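In what follows, a single structure is set out as structure tokens and then discussed.
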């Protein structure tokens, strides 16, 4: 059976891991290569880098990071953050990314999803959806870290980007992100049931049980988390052992 | 000095494949090349592929690489990966295009009506992630790899060989499908060894030393 995936997410700025990673024995917790290698050793199924580099001068640094990681870590690598054009997508793939995640640019210009998937294949194109609940059973797509409303219904938007050629959806609940209260399971399930492409649940993980809930109750195909792994509270392996104990198929 | 050619016909990034092979092959020269002469001069050949099969076939012919691929598949240790496996067959449902026809059989899309998990939930397409690869024949490329080991897949189409004797592995996803085929000097896999951590590196390492 296909395993449910666990994906640690790293925020990278100007080539350095930020929001502090706190593993014991790590010589340089800011080095994306070293952190990625550690997650690979723990059994991560993929790794996602979110490039939050503010200065446009430093934008190309992420390409070098991707090159270095891809030379040493042999699991799938997704990169997102500031991806605007098909050229941006190509540059990241050529550097060694396996998938590229598009967020705001997809909202501003949905055609970029169609153009990118037409050029490089759906399997390389992830569309990130940041959603906030606006009324019971209804969520709206937001951009810019939850600040900007788009007027788009999250479920309809998920169906739209699937039809445009997205290969996967990275779904983040802006209500839950950073809360440690667990995924918005209702949102996750609504989106997962609405599309036939894989959905990655994100936002709000505070315990290993939350990861398992994302799969069993949210019907996510993969779960993404950052801080729960970064601070050494739990390893990816522990997460998988718990998920297996709860009857979820994982790669161990 | 042994030399491995990775055939580059412009479909996707081959860096990962090259780096993974370099990682497991002590000092073997790995070249990513679109030059038919270089393919023919190599001791071993890797035939990868990404994206859609019609595009792959078109780009292969646009670079006049077909004769070199056919010759390599006839005479050298030859590893097909992903679309590079699918292209070895006669025909694909994707875009209704002919393949290279080295193996008899069809490349099919996962049937929508069978995409249901045991718990009744919907199975997503593309089939993306780590799934169990069940070995159907003993083969040097499986050396050191546990039966049922998980490899990383990402695809919506799979090969359906006419000759069951070439099936080297199967995987379950709604239906059992062929994950690997083998015949003489050819080994071809749907999954991505370059993205499959230890199991994948082991398979590539086995390929580098394989003498069919």
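Chains as they are written, first to last, in this note's numbering: chain R, -10 to 241; chain C, 338 to 549. Glycine included, each C-beta is placed from N, C-alpha and C at the ideal position. Small disclaimer: the values here were computed from a predicted structure and weren't measured.
Across the segment 40 to 74 of chain R, CB contacts with chain C closer than 7 Å involve 59, 60, 63, 64, 65, in sequence order along the chain.
Contact annotation: in the segment 83 to 102 of chain R, residues whose CB is within less than 7 Å of a CB in chain C are 83, 85, 87.
The straight-line gap separating the alpha-carbon atoms of residue 376 of chain C and residue 69 of chain R is approximately 35 Å. Burial check for residue 535 of chain C: the Cβ neighbour count within 10 Å stays below 16, so the residue is exposed. Contact note: residue 191 of chain R does not reach chain C at a C-beta cutoff of 9 Å; the least C-beta distance is about 16 Å. Taken in chain order, the whole beta strand (DSSP E) runs of length 3 or more contained in the segment 141 to 165 of chain R are 157 to 162. Taking 8 Å as the upper bound for CB-CB distance, residue 528 of chain C and residue 544 of chain C are not in contact here, some 14 Å apart. For residue 56 of chain R, the closest alpha carbon among the candidates R:186, R:211, R:83, R:231 is that of R:83.
9 Å or more divides the Cβ of residue -4 of chain R from the Cβ of residue 489 of chain C. Contact residues of the segment 475 to 491 of chain C toward chain R are 487, 489, 490, 491 (C-beta to C-beta distance below 9 Å). DSSP places residue 393 of chain C in the uninterrupted alpha helix (DSSP H) bounded by 390 to 399. Here residue 512 of chain C is bridged, per DSSP, to C:510. In this structure, DSSP gives residue 442 of chain C an extended state, which the three-state scheme calls strand.
For residue 83 of chain R, the enclosing alpha helix (DSSP H) begins and ends at 75 to 84. Closest in alpha carbon position to residue 173 of chain R, among R:156, R:88, R:152, R:204, is R:204.
The criterion of a C-beta distance shorter than 9 Å is not satisfied by residue 229 of chain R and residue 193 of chain R. In this model, residue 157 of chain R and residue 117 of chain R are separated by some 9 Å (Cα to Cα).
Taking 9 Å as the threshold, the shortest C-beta distance from residue 180 of chain R to chain C does not fall below it. When Cβ-Cβ separations below 9 Å define contact, residue 232 of chain R makes no contact with chain C. Under a criterion of Cβ atoms nearer than 8 Å, the residues of chain C adjacent to residue 29 of chain R are, in order, 534. With a beta-carbon spacing of about 5 Å, residue 365 of chain C and residue 339 of chain C fall inside the 8 Å limit used to define contacts. With a cutoff of 9 Å on beta-carbon distance, residue 437 of chain C and residue 403 of chain C are scored as near each other.
By the Cβ criterion, the segment 509 to 516 of chain C is in contact with the segment 439 to 448 of chain C, since at least three pairs of Cβ atoms, one from each stretch, lie closer than 8 Å.
For chain R, the residues of the segment 369 to 403 of chain C that bring a beta carbon within less than 7 Å of one of its beta carbons are 387, 388, 389, in chain order. Using a Cβ distance threshold of 9 Å, residue 493 of chain C and residue 462 of chain C count as a contacting pair.
The closest CA to that of residue 526 of chain C, considering only C:547, C:539, C:427, C:506, is found on C:506.
Straight-line measurement puts the Cα of residue 146 of chain R at about 15 Å from the Cα of residue 178 of chain R. Distance from the CA of residue 426 of chain C to the CA of residue 94 of chain R, rounded to the nearest whole angstrom, comes to 39 Å. Among the CB atoms of chain R, one or more fall inside 9 Å of the CB of residue 350 of chain C.
In this model, residue 210 of chain R and residue 498 of chain C are separated by some 29 Å (Cα to Cα). Using a CB distance cut-off of 9 Å, residue 366 of chain C does not count as an interface residue toward chain R.
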